[in-house]
Amino acid sequence: MAETSVVTLSRHIVEEERRHPEATGAFSNILYDIALAAKIISREVNKAGLVDILGQAGSRNVHDEVVKKLDVFADEVICKAMDHTGDLCCMVSEEHPDIVAIPEKFPRGKYVLLYDPLDGSSNIDLNVSIGTIFSVHLKVTEGPDGRLEDCLQPGRRQLAAGYVVYGSSTMLVYTSGAGVHGFTLDPSIGEFLLSHPNIHIPESTSRTYSVNESYYDLWGPGQRQFVSELKRQEGLSARYIGSLVADFHRTLLSGGVFMYPADSRSPRGKLRLLYEAAPLAMICKEAGGGAIDGHGDILDQLPTELHQRTPLYIGSLDLVECARTLVSGDSER
Ligand code: P6P
């Protein structure tokens, strides 16, 4: 029987913490609490197919509880898992227009958590994989309470980034700057087990390019030329799930490029910078890939608004650099 060491996420976090003697443990607590929230969300997402039995959002279930939309549920789970720990000074959520303050009754910490609680939730009823994306920054302003300046930091300053993909299995993938590591949830024991240590984006022959080609008529000339060149490349297949975390996860593991470009109707694209593009860009860069907005690196973008959008090209470095060459002339910076 091959020797297989079982490393839980908790054990991995402790070992990572040991590598940083100055670590206070707060950062480890954040990752541990995100994993706890992910387990709770995974349980509900996996029941989503039973909505006819459990009731549509807004209806009352068998326990006479109001059934929440899953993205609202996921947001509440993360908020409740994180707001009392004393590790955070504030949060930013795709579900909240403004900064989510830490309630007065709870202590504050020196980290900022930015997250999309359940991206792709429109796919839930189709049983398509969806995901949670998160980003962690260090507070940069004086005083205990998080402010806008603590949230509007460039992606290059992220301390950690990760996502959870709720698919055929539930996987948590994260980086804190020392490699990208993937953990698969074993629901029978409620533990995330290390299944993909030190992920590197491969130069494989099963690479994919991923874009919604229904917007072709809205694209600039450079974007059209880029996709035409991809179609001519050997060993590159088209894949598009329409769920960012699922499309990115496949790109990270099999190589290729995912893109959500700017177009004549959406000059900033659709995806959000702070809690979608920037965390995935940190992961992809740490895994040996790249991520740009069509001109510059996603990690160098200076945010001005919490929910600002950005075009995104992310994946294997050679393909991302080809995109930069061809599409940079399509729109102003
Ligand atoms: P389109 C899902 O709604 C989402 O926000 C991302 O998860 C996904 O990548 C994108 O939108 C899909 O958008 O325009 O191709 O349907």
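Okay, so the sequence shown: first residue is 114 according to this note's numbering, each after it adds one.
Note that beta-carbon positions come from the ideal geometry of N, C-alpha and C, so glycine has one too.
Inset, instruction - Answer yes or no: do A151 and V277 have a C-beta to C-beta separation smaller than 8 Å? - result: One-based indexing of the sequence shown puts residue 151 at position 38. One-based indexing of the sequence shown puts residue 277 at position 164. Going by C-beta atoms, A151 is nearer than 8 Å to V277.
Legend entry - Proximal residues to E304 (C-beta, below 6 Å), its chain only, five neighbours per side dropped: Walking along the sequence shown from the start, residue 304 turns up at place 191. Around E304: T121.
Inset, instruction - For H133, count neighbouring Cβ atoms within 10 angstroms of its own Cβ and tell me buried if that reaches 16, exposed if not. - result: As a working note, residue 133 is residue 20 in the sequence shown. Around the C-beta of H133, fewer than 16 other C-beta atoms lie within 10 Å, and the residue is accordingly described as exposed.
Inset, instruction - May I ask you to check if the CB of N159 is nearer than 7 Å to at least one heavy atom of the ligand P6P? - result: As a working note, residue 159 is residue 46 in the sequence shown. At a threshold of 7 Å, N159 does not count as near the ligand P6P, since its beta carbon sits no closer than that to any of the ligand's heavy atoms.
Legend entry - Host beta strand (DSSP E) of A404 (start-end): Counting from 1 along the sequence shown, the entry for residue 404 is found at position 291. From DSSP, the beta strand (DSSP E) with A404 extends over G403 to I405.
Inset, instruction - Indicate whether the contact test is met: 3 or more Cβ pairs, each with one atom in the stretch 334-346 and one in the stretch 282-293, closer than 8 Å. - result: No, the stretch 334-346 does not touch the stretch 282-293.
Inset, instruction - Report the partner residues of G183 according to the DSSP bridge assignment. - result: Indexing the sequence shown from 1 puts residue 183 at position 70. In the sequence on display, residue 183 carries Leu and not Gly. In DSSP, L183 forms no bridge with anything.
Legend entry - Close Cβ partners of A187 (< 6 Å) along its chain, the five nearest in sequence each way excluded: Numbered from 1 along the sequence shown, position 74 holds the residue referred to as residue 187. Same-chain partners within the cutoff: I154, P230 and L231.
Inset, instruction - Give the straight-line distance between the Cα atoms of N240 and F361, rounded to the nearest whole angstrom. - result: For the purposes of this step, residue 240 is taken as residue 127 along the sequence shown, with counting starting at 1. For the purposes of this step, residue 361 is taken as residue 248 along the sequence shown, with counting starting at 1. Cα to Cα, N240 sits roughly 18 Å from F361.
Inset, instruction - Can you say whether V249 is buried or exposed, counting buried as having 16 or more other CB atoms within 10 angstroms of its CB? - result: Reading the sequence shown from its first residue, position 136 is the one you call residue 249. So V249 ends up on the buried side.
Legend entry - Cβ-Cβ separation, C202 to D146 (assumed contact under 8 Å), whole Å: Numbered from 1 along the sequence shown, position 33 holds the residue referred to as residue 146. Numbered from 1 along the sequence shown, position 89 holds the residue referred to as residue 202. Not a contact, Cβ separation roughly 15 Å.
Legend entry - Cβ-Cβ distance between A404 and Y426 below 8 Å: Residue 404 sits at position 291 when you count from the first residue of the sequence shown. Residue 426 sits at position 313 when you count from the first residue of the sequence shown. Pairing A404 with Y426 gives a Cβ-Cβ distance under 8 Å.
Legend entry - Unbroken alpha helix (DSSP H) run spanning T438, endpoints: Stepping through the sequence shown from its first residue, residue 438 is reached at position 325. Looking at the DSSP string, the run of the alpha helix (DSSP H) that includes T438 is L430 to V440.
Inset, instruction - Output the boundary residues of the alpha helix (DSSP H) element that contains H125. - result: Reading the sequence shown from its first residue, position 12 is the one you call residue 125. Under the DSSP assignment, H125 falls in the alpha helix (DSSP H) whose first and last residues are L122 to R131.
Legend entry - Collapsed DSSP secondary structure at A150 in the structure displayed: Within the sequence shown, residue 150 is the residue found at index 37, counting from 1. Helix at A150.
Inset, instruction - Would you identify the three-state DSSP class for S248, choosing helix, strand or coil? - result: Here residue 248 corresponds to residue number 135 of the sequence shown, with the count starting at 1. DSSP places S248 in strand when its eight states are reduced to three.
Legend entry - Where G335 falls: helix, strand or coil (DSSP): Position 222 of the sequence shown holds residue 335. The three-state reading of DSSP puts G335 in helix, counting H, G and I together.
Inset, instruction - Using alpha carbons as the reference points, say which of R381, H309, E207 and G407 lies closest to V370. - result: The count along the sequence shown starts at 1 and reaches residue 370 at position 257. The residue with the shortest Cα to Cα distance from V370 is G407.
Legend entry - Rounded separation between G442 and D376 - CA only: The sequence position of residue 442 within the sequence shown is 329, counting from 1. The sequence position of residue 376 within the sequence shown is 263, counting from 1. Their backbone Cα atoms lie some 13 Å apart in a straight line.
Legend entry - Complete runs of the beta strand (DSSP E) confined to the stretch 301-346 [at least 3 residues]: Segments of the beta strand (DSSP E) lying fully in the stretch 301-346: 304-309 and 320-323.
Inset, instruction - Tell me, to the nearest whole angstrom, how far the beta carbon of K252 is from that of V225; I am working on the premise that it is less than 8 Å. - result: The residue given as residue 252 occupies position 139 in the sequence shown. The residue given as residue 225 occupies position 112 in the sequence shown. That belief holds up - the Cβ atoms of K252 and V225 are roughly 6 Å apart, short of 8 Å.
Legend entry - N-terminal and C-terminal residue of the alpha helix (DSSP H) that F219 is part of: On the sequence shown, position 106 is the one that residue 219 refers to. Annotation for F219: no alpha helix (DSSP H) segment contains it, and DSSP assigns it neither H nor E.
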